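What follows is a set of notes on a single structure, which appears directly below.
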Amino acid sequence: MALVCQRQIVLRCSWRKLPPRISVSYTIPQQAFATAKKVADKESKVPQHPVFPSINEEDLLPKTVVDLKLVQLLEKLSLVDFANMEGLVRLKAAISMADKLSVVNTEGVEPLVTVLENRSLTLAEDEVRSGDMSEELLACAKETIEDYFVVPPGNITYTEQKGYHHELENSDEDT
2 MALVCQRQIV LRCSWRKLPP RISVSYTIPQ QAFATAKKVA DKESKVPQHP VFPSINEEDL
62 LPKTVVDLKL VQLLEKLSLV DFANMEGLVR LKAAISMADK LSVVNTEGVE PLVTVLENRS
122 LTLAEDEVRS GDMSEELLAC AKETIEDYFV VPPGNITYTE QKGYHHELEN SDEDT
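Here the sequence shown is numbered in my numbering, starting from 2 and rising by one per residue.
What follows is the structure, encoded as structure tokens:
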């Protein structure tokens, strides 16, 4: 049994005299609907609606203290400038969220390989196709020392500004 669907297609052509609307009908096999229904009815491991489980505050690690020294270290490591108190609030919220993730029960949960759970993806075998290319690869580098790449310095020493660091020191004294 096939279902007949009708859809109207609007054509706008000024160079030809065609009727303004053409009715087109096409058939969709009943089997296609049945297959789509089976896929939709398949029980998924991913919830279809957001789930907000409550986390017991007693299970959480002690709150991480965000002091001036930690902020300066994070700025140096990540090259992100927490230029104002809003940035510090965002940092504290991110740390709080990460602390909550540490108490999530992941027992029996397999590591995720793909988010496409409805199809299997074949993983390629690891095989060496051509070895000993170190000389060719090192030739691409701008600078090398003793068969190692010299990476440009990414973490430049942060020059301290008095602005928000002073505010951070004062806020620590207040709390």
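Every residue gets a Cβ at the ideal spot worked out from N, C-alpha and C, and that includes glycine.
Keep in mind that this is a model prediction, so the values were computed, not measured.
Taking C-alpha atoms, which residue in the options lies nearest to residue i?
| i | options | result |
| --- | --- | --- |
| Lys70 | Leu61, Pro63, Phe83 | Phe83 |
| Lys64 | Ser97, Leu75, Gln73 | Ser97 |
Distance check for residue j and residue i, CA to CA, integer angstroms please.
| i | j | result |
| --- | --- | --- |
| Val129 | Leu139 | 19 Å |
| Leu113 | Leu122 | 12 Å |
| His50 | Thr115 | 20 Å |
| Leu62 | Lys101 | 8 Å |
| Ala142 | Asn119 | 43 Å |
| Glu59 | Ala99 | 16 Å |
| Thr145 | Gln73 | 31 Å |
| Lys46 | Lys77 | 41 Å |
| Glu44 | Glu126 | 31 Å |
| Glu111 | Ala95 | 25 Å |
| Thr152 | Glu137 | What sits at residue 152 in the sequence shown is Val, not Thr. If I take the Cα positions, the gap works out to 17 Å. |
| Gly109 | Asp148 | 44 Å |
| Pro48 | Phe150 | 46 Å |
| Leu124 | Leu117 | 14 Å |
Hey, residue i and residue j: beta-carbon distance below 9 Å or not?
| i | j | result |
| --- | --- | --- |
| Val66 | Leu89 | no |
| Leu75 | Leu92 | yes |
Would the region 47-64 count as touching the region 99-108 if we require 3 or more Cβ pairs under 8 Å?
In short, these stretches touch, since the Cβ pair count reaches three.
Evaluate contact between the region 84-100 and the region 128-148, counting only Cβ atoms and requiring at least three cross-stretch pairs below 8 Å.
Too few Cβ pairs lie closer than 8 Å, so no.
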